[in-house]
Amino acid sequence: MVEDVISLPPTYVPGFLAGCVDLDVDISGRALQGLPKRTIGIVGFSRSKLSFPSQLVLANKLPPIFSLCFPSSNNLKGFRKIFIGAAAGGHSQLESKFLQNTALVVNPVATTAVSIDGAPSIEYFIDVRSIKIDGHVVNLNPSLLSIDKNGNGGTKISTVTPWTELHSSLYKPFVQDFVKKAAGRRMKRVASEAPFDACFDSSTIENSVTGLVVPVIDLVLAGGVEWSIHGANSMVMAGKNVACLAFVNGGMKAKLSSVETSIVIGGHS
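In structure tokens form, the structure reads like this:
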């Protein structure tokens, strides 16, 4: 752990805490495990008091709010934005009419690879009650959608994970229903492109301001709020004229933690 000064005019944070890893010594590569190639570091936005926004908020007495805006494609330049403090919650009345919100939930068990015994998770979880595809409720095991006493299950949001991962028991019926709805739209299925299973000929899919016109995925949250995921965030171009459903099989067991989260919403979504 090191201490430094960070200056983001007009913000000044003395005693800013950061961690360093010698990648030449980290033979296992665990420090950057699961991150995209060419990654040289990571900025934490967790619930921890050591996270980047937490330190800025505490040092400058700002509202504990932040928002991130990522492009759906690497081809879009200049749309990566981070707002911390009052600006993060500033929306016009017109914008607010189109925004929905849901409460974050706390997983009582730590879910990261490195954690303190008995401490709750510092990651962000939301209460997903069901998933719909074009209005049809997918037949999922409801016990996997809730967090049990051991911290297993539930849904978390992760910008470290590029594609949304679903527990195998959820993934299979989810993909089956999506493919069925896609067939009804005359979307031609083609060979899979790893790590994706459901891929289609993009020339058989119309385009719109919300991306490819594909079956809409709705995450039904607590209170009946629905997070609608359209083509720009549910599909990815995996090759020439090949568009794939940007959801992957997360397997049956957790990769970097002893706690098994059923749904990990990735950065693309």
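Positions in the sequence shown are counted from 1; adding 227 to them yields the numbering used here.
The C-beta atom is built at its ideal place from N, Cα and C for all residues, glycine as well.
Quantities reported herein were computed from a predicted structural model and do not represent experimental measurements.
Subject >> P280 to I269 span [Cα, whole Å] >> reply: The residue given as residue 280 occupies position 53 in the sequence shown. The residue given as residue 269 occupies position 42 in the sequence shown. Those two C-alpha atoms are separated by around 13 Å.
Original post:
So L244 and L289 are in contact, right, with Cβ under 8 Å, and what is the actual spacing, rounded?
Top reply: What you label residue 244 is simply residue 17 of the sequence shown in a count that begins at 1. What you label residue 289 is simply residue 62 of the sequence shown in a count that begins at 1. The Cβ separation is near 17 Å, so there is no contact.
Original post:
Pick from V475, V355, H457: whose alpha carbon is nearest that of G381?
Top reply: As a working note, residue 381 is residue 154 in the sequence shown. Of all alpha-carbon atoms in V475, V355, H457, the one lying nearest the alpha-carbon of G381 is that of V355.
Original post:
So what does DSSP say about G345, is it helix, strand or coil?
Top reply: In the sequence shown, counting from the first residue as 1, residue 345 sits at position 118. Residue state, collapsed to three classes: coil.
**OP:** Return yes when the Cβ of G477 is within less than 9 Å of the Cβ of H394, no when it is not.
**Re:** Mapped onto the sequence shown, residue 394 falls at position 167. Mapped onto the sequence shown, residue 477 falls at position 250. Result yes, Cβ atoms of H394 and G477 sit closer than 9 Å.
Subject >> Separation of L285 from C471, as counted between CA atoms >> reply: Mapped onto the sequence shown, residue 471 falls at position 244. Mapped onto the sequence shown, residue 285 falls at position 58. Whole-angstrom Cα-Cα distance: 42 Å.
**OP:** Could you work out which residue in V402, A409, Q403, I353 is closest to E453 when comparing CA atoms only?
**Re:** On the sequence shown, residue 453 is found 226 positions in, with the first residue counted as 1. Nearest of V402, A409, Q403, I353 to E453, Cα basis: I353.
Subject >> Whole runs of the beta strand (DSSP E) within the region 374-414, excluding any shorter than 3 residues >> reply: 382-384, 391-393
Original post:
With I360 and D404 assumed to form a contact (beta carbons below 8 Å), what rounded beta-carbon distance in angstroms separates them?
Top reply: Counting from one through the sequence shown, the residue named residue 360 turns up at place 133. Counting from one through the sequence shown, the residue named residue 404 turns up at place 177. A Cβ-Cβ separation of about 5 Å places I360 in contact with D404 under the 8 Å criterion.
Original post:
K415 to G362, Cα distance in whole Å?
Top reply: The count along the sequence shown starts at 1 and reaches residue 415 at position 188. The count along the sequence shown starts at 1 and reaches residue 362 at position 135. The straight-line gap from Cα to Cα measures roughly 21 Å.
Original post:
Is the beta carbon of I432 less than 9 Å from the beta carbon of G458?
Top reply: Sequence index remark: in the sequence shown, residue 432 carries index 205 (1-based). Sequence index remark: in the sequence shown, residue 458 carries index 231 (1-based). Contact flag set, yes.
Original post:
The beta strand (DSSP E) with V491 in it runs from where to where?
Top reply: Sequence index remark: in the sequence shown, residue 491 carries index 264 (1-based). Note, V491: beta strand (DSSP E), 490-492.
**OP:** With a cut-off of 8 Å on the beta carbons, I'd call A337 and A330 a contact; round off their distance for me.
**Re:** Along the sequence shown, one-based indexing puts residue 337 at 110. Along the sequence shown, one-based indexing puts residue 330 at 103. Incorrect: roughly 20 Å between the Cβ atoms, too far for contact.
Original post:
When the Cα of V364 is compared with those of T391, K408, Q327, which residue comes out closest?
Top reply: One-based indexing of the sequence shown puts residue 364 at position 137. Nearest C-alpha to V364: K408.
**OP:** Using the Cα positions of A425 and V402, report the straight-line distance between them to the nearest angstrom.
**Re:** Numbered from 1 along the sequence shown, position 198 holds the residue referred to as residue 425. Numbered from 1 along the sequence shown, position 175 holds the residue referred to as residue 402. Distance between the alpha carbons of A425 and V402: 7 Å.
Subject >> alpha helix (DSSP H) segment containing N460, residue limits >> reply: The residue you call residue 460 lines up with position 233 of the sequence shown. Its alpha helix (DSSP H) spans residues 458-461.
Subject >> Under the three-state DSSP convention, the category N434 falls into >> reply: Here residue 434 refers to the residue found at position 207 when the sequence shown is read from its first residue. DSSP places N434 in strand when its eight states are reduced to three.
**OP:** Measure the Cβ-Cβ separation of V441 and S419 and say whether it is below 9 Å.
**Re:** Against the sequence shown, residue 441 aligns to sequence position 214. Against the sequence shown, residue 419 aligns to sequence position 192. Result no, Cβ atoms of V441 and S419 do not sit closer than 9 Å.
Original post:
According to DSSP, which residues form a beta bridge with I267?
Top reply: Reading the sequence shown from its first residue, position 40 is the one you call residue 267. Answer is none; I267 lacks a bridge partner.
Original post:
Which residue's Cα is closest to the Cα of I358: T386, P400, T388?
Top reply: The sequence position of residue 358 within the sequence shown is 131, counting from 1. Cα-wise, what sits closest to I358 is P400.
**OP:** Quick one: measure Cβ to Cβ for G378 and P335, integer angstroms, because I've assumed they're closer than 8 Å.
**Re:** Translated into the one-based positions of the sequence shown, residue 378 becomes position 151. Translated into the one-based positions of the sequence shown, residue 335 becomes position 108. Confirmed, about 6 Å.
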